[in-house]
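Just add 972 to the spot in the first sequence (first one is 1) and you have this note's numbering.
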Amino acid sequence: MLAAAQRLRRSTDFAAAVRGGRRAGRGTVVVHLLLDEPAQASQARAGFVVSKAVGNAVVRNKVRRRLRHLVRPRLDELPAGATVVVRALPSAAEASFETLGTDLDAALAAARRPRRPR
RNA sequence: CGAGUUGGCUGGGCGGUCGCGUCGGCGUUCCCGUCCGCGGGGGCGCCGCCGAGGAACGUCCGGACUCCGCAGAGCAGGGUGGUUGCUAACGGCAACCCGGGGCGACCCGCGGGACAGUGCCACAGAGAAAAGACCGCCGGCUGUCUUCGGACCGCCGGUAAGGGUGAAACGGUGGGGUAAGAGCCCACCAGCACCCCGGGCGACCGGGGUGGCUAGGUAAACCCCACCCGGAGCAAGGCCAAGCAAGGCCCGCGCCGCCGAGGUGGCGGGGGCCGGCGCAGGCGUUCGAGGGCUGCUCGCCCGAGCCUGCGGGUAGGCCGCACGAGCAUGCCGGCAACGGCACGCCGAGAUGGAUGACCGCCCAGCGGCGAGAGAUCGCCGCGGACAAAAUCCGGCGUACAGGCCAACUCGUCCG
């Protein structure tokens, strides 16, 4: 789980990450990663978006809690000041814990890899 | 033992490794204040307590609470509908009444009024409300045929006993009566209206009498009667900070959900309204602009500022916010719902939203294989229903894998 300081608490933070960050999708999740957050942010923070399309309240809670446990160790590997928004897709409701983990790793790696000029 | 009815309880357990939130304690650090004793606030670490449901759900009904409004009257609108109770209140609950179903335990009922008025009653049928002659029955007349008894065609009239249609055809049975028939008359029965007696707080029940012989259904059709109802909602509302930026509320339409109807909610888009600021224009201060009585009218009150257009805001923090129509036990009153008294307990409080994630074992359950006459045993695999607080209570409605308990009914067997 994540402590309060490691979570996104404002809708403006979500908007900044989703609009300004780099996006990468893998099967069950979509990751928005914003690296160049200006100063004063001590450590990396994460937020989650689980819409009603995923399922009812019980299913949404389960998906969000699984994603939090998966994101926690990976947050330390990100640079300070980074902002991550993980959005769950409807298929996340049926996915296993392992599938969610591999999809999250793949999406995070794709988002961190700078886009090469062709 | 089998079949069933009703009510209640429960809603997996244990362990390991990582974690989260509120509160309390200790330590540490930073900021502010200081009468230098310390006080207040924030961060981090450790320890401890507690941490989703019977439906937390849908948000349908009723309240508490908050703000707005509150001289009064009337109208409109909405809701409820057997009776008596219970309750803060209810459209809820209990008991009873009436009607219907079941051998029975018991279950079901949106259960005021159809002689206040209006409307509607599809299809079928001749005719659907104080109706109706299609066939039939009966009488008369003309004509044809005749075995002289009568038969048939047509027209006029009588007739609601019979046939046929329908969910429903204007009481039923028997007798008298008649050309044939008919409550036309009579007896009994059913039903209706009124009166009397008895029982019940009451809905109503039991008995008797009189009357006219008969009255259809539908009120979640309009309507009538009785009773109830100000409006908006915790994003209520209060305080603080920031401050012109993506605000809030209401009403239709479309889609979706619950759904018989009615009603209600969510999302998207459209329209309208509200409050603070700036600019421009206009109106007005006893010759009264404008506003309030949250839909309208009368009437009343306030009143020096107000109206229109354009530009155009704020969802950060704290409080509200958890001791309450509270829960458990016992006793008493009551058929019961429920009430009273005594004693004990404190049981979530998030805000991009905590209450968990992963793994192992066990207990229910299901399936397969093997052993056994069978009860059963062993192994393997699958695998925990429906669904999560958001101001708080009381209900209703809906979803739900299973498991357990009690009372009662019917049937069979034994004593």
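Heads up, the beta-carbon is just placed ideally off N, CA and C, and yes, glycines get one too.
When rounded, the separation of the alpha-carbon atoms in Ala1018 and Leu1042 is 11 Å. If you check the CB distance, Leu1072 and Leu1039 come in under 8 Å.
By alpha-carbon distance to Thr1055, the top candidate from Val1001, Gly999, Arg998 and Phe1020 is Phe1020.
Per DSSP, Leu1061 lies in no alpha helix (DSSP H) and is assigned neither H nor E.
The three-state secondary structure of Leu1005, taken from DSSP, is strand. If you draw a straight line from the Cα of Leu1006 to the Cα of Arg979, it is about 14 Å long.
By alpha-carbon distance to Ala1067, the top candidate from Val1057, Val1030, Arg1046 and Val1001 is Val1001.
For Gly997, the beta-bridge partners assigned by DSSP are Val1002. Going by DSSP, Arg1017 is part of no alpha helix (DSSP H) but of the beta strand (DSSP E) stretching over Arg1017 to Val1022. Taking a contact as a CB-CB distance under 8 Å, the pair Ala1064 and Val1030 does not count as one, their CB atoms being some 14 Å apart. Between Ala996 and Ala1082 a beta carbon distance of about 4 Å is seen, short of the 8 Å cut, so the two are scored as contacting.
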